[in-house]
Structures are given as structure tokens and as C-alpha cells.
Amino acid sequence: MSANTPVIELRNVDKSFGPIDVLHEISLKVRAGEVLCLLGDNGAGKSTLIKTLAGVHAPTRGEILVDGQPITFDGPRDAQDRGIATVHQFGGTYPLMSIGRNFFLGMEPTKGFGPFKVFDRAKANRIAVEEVQKMGITRITDGDRLVGGLSGGERQSLAIARAVYFGARVLILDEPTAALGVKQAAHVLRIVNEAKKRGLAVIFITHQVMHAMTVGDHFAVLIRGAIAADFRKGEKTREEITDLMAGGETMADLEASIEGYMETHEGHPPKVNTAD
Amino acid sequence: MATQTSSGSGGFSIGDLIRRPETGSLIGFIVVYVFFASLGGAVFLGAPGWSSWLNIAAEVGIIALPVGLLMISGEFDLSVGSVVPASSMTAALLCGHYGLPSIFGIAGGLTVGLAVGFVNGLIVTRTTIPSLIATIGTMFAVMGLTLGMAVLIKGSTSVSYVPDATTKALLGTFINGMFNVSIFWWIGFVAVYFFFLHFSPLGSWVFALGGDKESARNAGIPTNKLTISLFMASGFGAAFVGVAQVMTYQSAQVAGGQSFIFNSIMCVVIGGVLLTGGAGSVIGIVLGTMTFAVVNQGIFFAALDPNIGSIIIGALLLAAVLSNDSFRALAMNYASKKK
Ligand SMILES: Nc1ncnc2c1ncn2[C@@H]1O[C@H](COP(=O)(O)OP(=O)(O)O)[C@@H](O)[C@H]1O
Ligand SMILES: [Mg+2]
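Protein chains in written order, with UniProt numbering: chain F, 1 to 276; chain H, 1 to 339.
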């Protein structure tokens, strides 16, 4: 595997739920140490796309490649084991559960043996607090605290810290800044940059163009489940991206043209030049 | 979330106490016990009083434990009400009617419970039918089957069976003529469930399942398997009580057992389990069960009108739900104030 092989790649991936086609011929590549920003309106299919990457949904058609090898995920756990860690848009943390238990949910450290393996609470709490502190949340010092007492930004940092800790090579964040205030959002963006510096491939989903511009190396705009634009940092101005993302004339035009194209081309979306 | 066994220095702290989900239930139990002790007098405080409420607590408690775990995981099980008579009828038919050794009756009865639980679990995980409705369905189905089988095989709605001495001693005897042996079984079950929920690594999964099923699945937890197992545990608990009833009273009736439906849920809710799932504790369920049993029996010792008992239980239920919400809010905010 060359240094240039994408860590994860989608080739012509379609996803349908019964008769509902949500994703159309999605092709994307993400390399180590690179942040891909996935942009798009509500309902465009962003969450569906990342759930496909996270092993929650199997693609209806098309291929997923990890390190250049085609693979089929055998559920979310399988994707996790291959180093793809996802922080889903809603939930992921449990308000009435302690920080330590939340951090290790599904991967509980144990001590003892046989049927008497017990959850190693001390170890879980210690590691959870350490990792969250590394993310700059120094206010958290007690792993027994309930997650419900944390702020939105702290919860998001906890979820990201968890993903990074479990040896993620690909970090997928679904709208991590959506519900956050300015300061907290800035903090999450710093964490994204930090993850990138550590050599992770990051897929970052957002609505806010400023957030995308701050951390993105590579951008893909999703409209009605198809990739409408795919470009690298510096190739488009902030205004152009804003237009693409936030609607306005350009967005409406694009939508109309994609719909029109698909109608006349047996449902295929127009070809987009892929930025590499 | 409730495994504060080695909390720091081990010293007492108000914070640790408030953070425990069972604090409200403990206060409730103490208030209720003191109330009936003051009315019931020496008899209630002595062995007759303790044995009478412990016997009730053990029976409903063996069912309330798994029903409580199911509720923590976000599901209800109403079918326990017909699993109790179905399993005792199965045991009585196998041993009393067909004359098999008691071990076959015990195994048969328990298998009925596991099977009903398995079916409940399948329905709930494979369809979108909520467990409340699904288990009402299986409750009626099992009730009908029990009646049908009893009439078909025995031509009667009650079947008797006199167990051998060992079986009787293990499952149906009264120690000192007062304390039902099932009290010890209950203690055993409490130990097992306590370990499972608060110490084993799987405990967090139950809370996660009730807190947010989709996220739990995304975290790689086998949610369907876990749900089915929990339903099987509650079927097993109900069946255990049914089998023990045959060994104790030497007969099985097709009806009876309906009271376990509401009683088990009440014990669980008084014990601080969140109705919508995601929170609760085994100690809380045990305290809720004891509170329920003390009211249930204390009424007689205090020579009060039984209707007053119902009113007290109703009030306790409401108070429990309200106070548990407050305790949860306290628990969440406590540490953030500490800084
Ligand atoms: N499990 C599902 N079954 C049917 N339709 C779905 C499912 N998940 C998502 N969809 C549909 O797919 C579309 C895209 O949803 P989503 O991926 O959540 O969009 P986004 O995250 O971009 O807001 C929506 O129209 C949604 O209704
Ligand atoms: Mg979404």
C-alpha cells in the first residue's frame, strides 16, 4: 500500500431503503492526515452515507475499499475493528451513565476471569478522564460523573476522544458542531485539526461553511443523495461554497439541473470531476 | 452507574449517596416500615411479621428482578401473569398426572417460561410491535393454552401433585413453619442480577439499550440478542415462581398469577427504575419489592382496611416516580457544582 492509497474509498455506492433511493453513485476518497468535509442540506443523505461507511447499512450497490482492498462490513463492530470510528449525529452518549462506562461502551475493560469477569471501573474511569483531558476538557476529573451533567461540547469531545482512543484510522463526525455554541464549536474544530495532525483520515459533516473552511482539505457537496461538487481547498471561494451549501440561486439551479439530468439519463447523476 | 463500591477513600459522602439511584427507594422503605411498625406493634416487628412480608417479597421479587432489567432496557413484560400458572400447570401435569420424577416437572415448567420469553423477544425484535402490546398478546395466548391443555389432559382446571421430600425441602417448605424457602432463592437471584447489572461488563449494555437503542446498536452491542435474553430471563423468573408454587401448595390452578403483572411493575417503579428505560438498579428493585411487601402485609398487622393498603401503594407509586426524577436531576448536576 503506497502512502497515497486512500485509507477509505467509495466507488459508485448506491443505497436504497426498499423503494426509496437515498444515495446515487457516490464515489469518494479520503487519505490519511486529510479532512474531507461533507456538505449538504438536511435530508441530502449525509447521515446515510456515513452510516454506510460505519457498517450500519450495507451499500445496495457499489464498493467500499479500505487501504485499496474491497471489503464488506459485517456490522458496526466490524467497521470499528478495522479502525473506522464514527460519532453519529444523534446520541452516542447516555445522560444517565457514568463517563467511564460511556467511554468504554461495547468495549468494556474487565478484570478477573471466567464467568466472574467484572467491569474494571477504576481503569475505565482513569483512561476516560485521561483521554478527555487530552482533548482539552480539563474540567472533567471524575469518571463516575454522569454524562447528563456535561455540556454539549464536552459530550461531543467525550465521543470523539472515545473514537480516537480506540485506534481509529478514520474518524467520522456527523454534524459535531451543529448543537454547539461558538466557543464549544471552536473547540471541536481544534480537536479535528489535532486528529488530522496525528495522521487520521477525518470525514467531517457540517452545515456551517466557516467550520468547513477552517478544517477542510477536501470538500464534497451532496445534493439529493448525489455528489454535486467535489473540490479541494482553495479551489472555491467562501462565497461559492456558501452558495453551494446554504442554498440561494446556485443551489436551486444545481438541484434543478441534477433532477433534469437524472430524468434524462436513466436516473444517473451527472459526472463530477473528482478532486484528488 | 451504581458500582460505587470502591469510591475513593470509602468514606461517607452526601454526594455519593445522592448519586446512587436507590436513595429515594431507601427513604420510602424506611418511612413505610416505621409507619407499619408503629401500628403493627411487636408482632409485626417479630418473626411472624418479617416472615409474612418476606414471603410475599420473595415471590414477587423473583419476578420483579428480571422485569426490572427489562424495563431498564426499555421493554415491558406483562406475560409473566400467565407464565406463572402455565409453568405450575406444566409441572403438575408432568409429575402429578403422568407421574414423572419431579426434576422433569421442574425442567418442563422452566422450559415453558424460557420459551414464552423467547417468543416475546422474537416478536419485539423482529416486528415493530411495542413490547407492552406483544406481551399482552402472549399473555392471553398462554392463558388460553394453559386452560386448554389442562382441560384436555386432565379434564379439570386444577391439578394436584405431592412432591418428594427433597423437592419439597428445596422449593416448597416453610422454615420454622414461617419463612418460605423461596426467600433464599430470592436472595440468590438478587446476587446474580446484582453481579450481572452492576459488575459484569454486560451491565452497561442493558442501560445503553434502554437509554438509546440505535446508538447502542451503532456501538456494536448485539441489541436483539440482549433483548431476547432479557425476555427469557423474565420468563424464567415467572416460571420459577410457578414451579415453586406447585411444590409449596401441592396443586396448580389454571388461573391466578394475574396479580404478578401489576405487582412486579409496581415493585420495579417504586424501586426507582425509569419507566422509559436507561436507569435503575438492583438494590432499588429489591427495596421497592420490600416496600411493596411491607405495605401488602402490614395492613393486616395494623388492622387497617385493605383498601387503605391500595391507597398507600398508589400514593407510593406516584411519590416514587416524582422523587426519582428529582434524584436523577440531583445526580446529574451534583458533580458539576463540586467542580
Ligand atoms: N432507514 C431509513 N429508511 C428509509 N429512509 C431513510 C432511512 N434513513 C434515512 N432515510 C431517508 O434518507 C434521506 C436522507 O437522510 P439523511 O441521510 O439522514 O440526511 P442528512 O443527514 O443529510 O440530513 C431522508 O429523506 C431520509 O428520510
Ligand atoms: Mg444527518
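Glycine included, every Cβ here is placed at the ideal spot set by N, Cα and C.
Identify the continuous beta strand (DSSP E) that holds residue i and give its terminal residues.
| i | result |
| --- | --- |
| cysteine 37(F) | 35–40 |
| isoleucine 227(F) | 226–232 |
| lysine 15(F) | 8–17 |
| phenylalanine 219(F) | 218–223 |
| alanine 252(H) | 251–253 |
| lysine 29(F) | 20–30 |
How is residue i classed by DSSP in three states: helix, strand or coil?
| i | result |
| --- | --- |
| arginine 61(F) | strand |
| glycine 248(F) | At glycine 248(F) the pLDDT is 46, less than 50, meaning the model places this residue with poor confidence and gives no usable figure here. |
| alanine 177(F) | In the sequence on display, residue 177(F) carries threonine and not alanine. In the structure shown, threonine 177(F) sits in coil (DSSP, three-state: anything other than H, G, I, E or B). |
| isoleucine 203(F) | strand |
| serine 151(F) | coil |
| glutamine 80(F) | helix |
| proline 70(F) | strand |
| leucine 122(H) | helix |
| asparagine 296(H) | helix |
| alanine 173(H) | Rather than alanine, the amino acid found at residue 173(H) in this sequence is threonine. Looking at threonine 173(H) - three-state DSSP - the assignment turns out to be coil, as it is neither helix nor strand. |
| valine 170(F) | strand |
| tyrosine 261(F) | helix |
| valine 118(F) | strand |
| lysine 111(F) | strand |
| phenylalanine 76(H) | coil |
| asparagine 180(H) | strand |
| leucine 274(H) | coil |
| serine 323(H) | helix |
| leucine 317(H) | helix |
| leucine 96(F) | coil |
| alanine 329(H) | helix |
| leucine 146(F) | strand |
| phenylalanine 90(F) | coil |
| lysine 271(F) | coil |
| glycine 235(H) | helix |
| threonine 5(H) | Low local confidence applies: a pLDDT of 38 at threonine 5(H) is under 50, so the model's placement there is unreliable, and no value is given. |
Assuming residue i and residue j form a contact by the criterion Cβ under 8 Å, report the distance between their Cβ atoms to the nearest whole angstrom.
| i | j | result |
| --- | --- | --- |
| valine 246(H) | alanine 91(H) | 5 Å |
| isoleucine 140(F) | isoleucine 99(F) | 7 Å |
| alanine 331(H) | leucine 158(F) | About 18 Å; that fails the 8 Å criterion. |
| methionine 97(F) | phenylalanine 207(H) | 6 Å |
| glycine 225(F) | glycine 45(F) | 4 Å |
| leucine 69(H) | leucine 287(H) | That belief does not hold up - the Cβ atoms of leucine 69(H) and leucine 287(H) are roughly 16 Å apart, past 8 Å. |
| isoleucine 123(H) | alanine 107(H) | Not confirmed; about 25 Å, so no contact. |
| isoleucine 26(F) | valine 13(F) | 5 Å |
| valine 112(H) | alanine 239(H) | 6 Å |
| glycine 109(H) | serine 87(H) | 4 Å |
| histidine 187(F) | glycine 153(F) | 6 Å |
| aspartate 243(F) | valine 272(F) | So it is not a contact: roughly 16 Å between Cβ atoms. |
| valine 295(H) | isoleucine 312(H) | 5 Å |
| glycine 277(H) | methionine 71(H) | 7 Å |
I'd like the span of the alpha helix (DSSP H) that includes residue i, first residue to last.
| i | result |
| --- | --- |
| lysine 46(F) | 46–53 |
| isoleucine 84(F) | Isoleucine 84(F) -> not in any alpha helix (DSSP H); beta strand (DSSP E) instead, spanning 84–87. |
| glutamate 214(H) | 213–218 |
| leucine 65(H) | 47–72 |
| valine 159(H) | Careful: valine 159(H) lies outside any alpha helix (DSSP H), inside the beta strand (DSSP E) at 158–160. |
| phenylalanine 140(H) | 131–154 |
| residue 278(F) | Lying outside 1 to 276, the shown extent of chain F, residue 278(F) is not represented and no answer is given. |
| arginine 121(F) | 121–134 |
| isoleucine 99(F) | 99–103 |
| alanine 279(H) | Looking at the DSSP string, alanine 279(H) is not in any alpha helix (DSSP H), and its letter there is neither H nor E. |
| alanine 302(H) | Alanine 302(H) -> no alpha helix (DSSP H), and no H or E assigned at all. |
| asparagine 263(H) | 259–270 |
| valine 215(F) | 209–215 |
Problem set entry | For ligand 1, residues whose Cβ lies under 6 Å from any non-hydrogen atom | Taking a cut-off of 6 Å from the heavy atoms of ligand 1, the residues with a C-beta inside it are Phe17(F), Ile20(F), Val22(F), Gly40(F), Asn42(F), Gly43(F), Ala44(F), Gly45(F), Lys46(F), Ser47(F) and Thr48(F).
Taking any Cβ of chain F, which residues in the region 206–228 of chain H have a Cβ under 8 Å from it, in chain order? Residues Phe207, Ala208, Gly211, Asp212, Glu214, Ser215, Ala216, Arg217, Asn218, Ala219, Gly220 and Ile221.
Checklist entry - What residues in the region 107–121 of chain F bring their beta carbon closer than 7 Å to a beta carbon of chain H? => result Considering only beta carbons, the part of the region 107–121 of chain F lying closer than 7 Å to chain H consists of Glu108, Thr110, Lys117, Val118, Phe119 and Arg121, in chain order.
Check each residue of the region 279–294 of chain H: if its Cβ is closer than 8 Å to any Cβ of chain F, include it; give the result in chain order.
Only Ala279 from the region 279–294 of chain H bring a Cβ to less than 8 Å from some Cβ of chain F.
Please name the residues in the region 307–334 of chain H whose beta-carbon is closer than 8 Å to at least one beta-carbon of chain F, in chain order.
Answer set for the region 307–334 of chain H: Arg328, Ala331, Met332, Asn333 and Tyr334.
Given a limit of 7 Å on CB to CB distance, which residues of the region 172–195 of chain H reach chain F? Correct list: empty, as no residue qualifies.
For the region 65–90 of chain F, enumerate the residues whose C-beta is nearer than 8 Å to any C-beta of chain H, in chain order.
-> Listed in chain order, the positions of the region 65–90 of chain F with a beta carbon within less than 8 Å of a beta carbon of chain H are Gly75, Pro76, Arg77, Gln80, Thr86, His88 and Phe90.
Using a beta-carbon distance cut-off of less than 8 Å, what residues from the region 259–272 of chain H approach chain F? None of the residues of the region 259–272 of chain H has a beta carbon lying less than 8 Å from any beta carbon of chain F.
Using Cβ-Cβ distances below 9 Å, what residues of the region 91–103 of chain F are close to chain H?
Of all residues in the region 91–103 of chain F, only Gly91, Gly92, Thr93, Tyr94, Pro95, Leu96, Met97, Ser98, Arg101 and Asn102 place a beta-carbon less than 9 Å from a beta-carbon of chain H.
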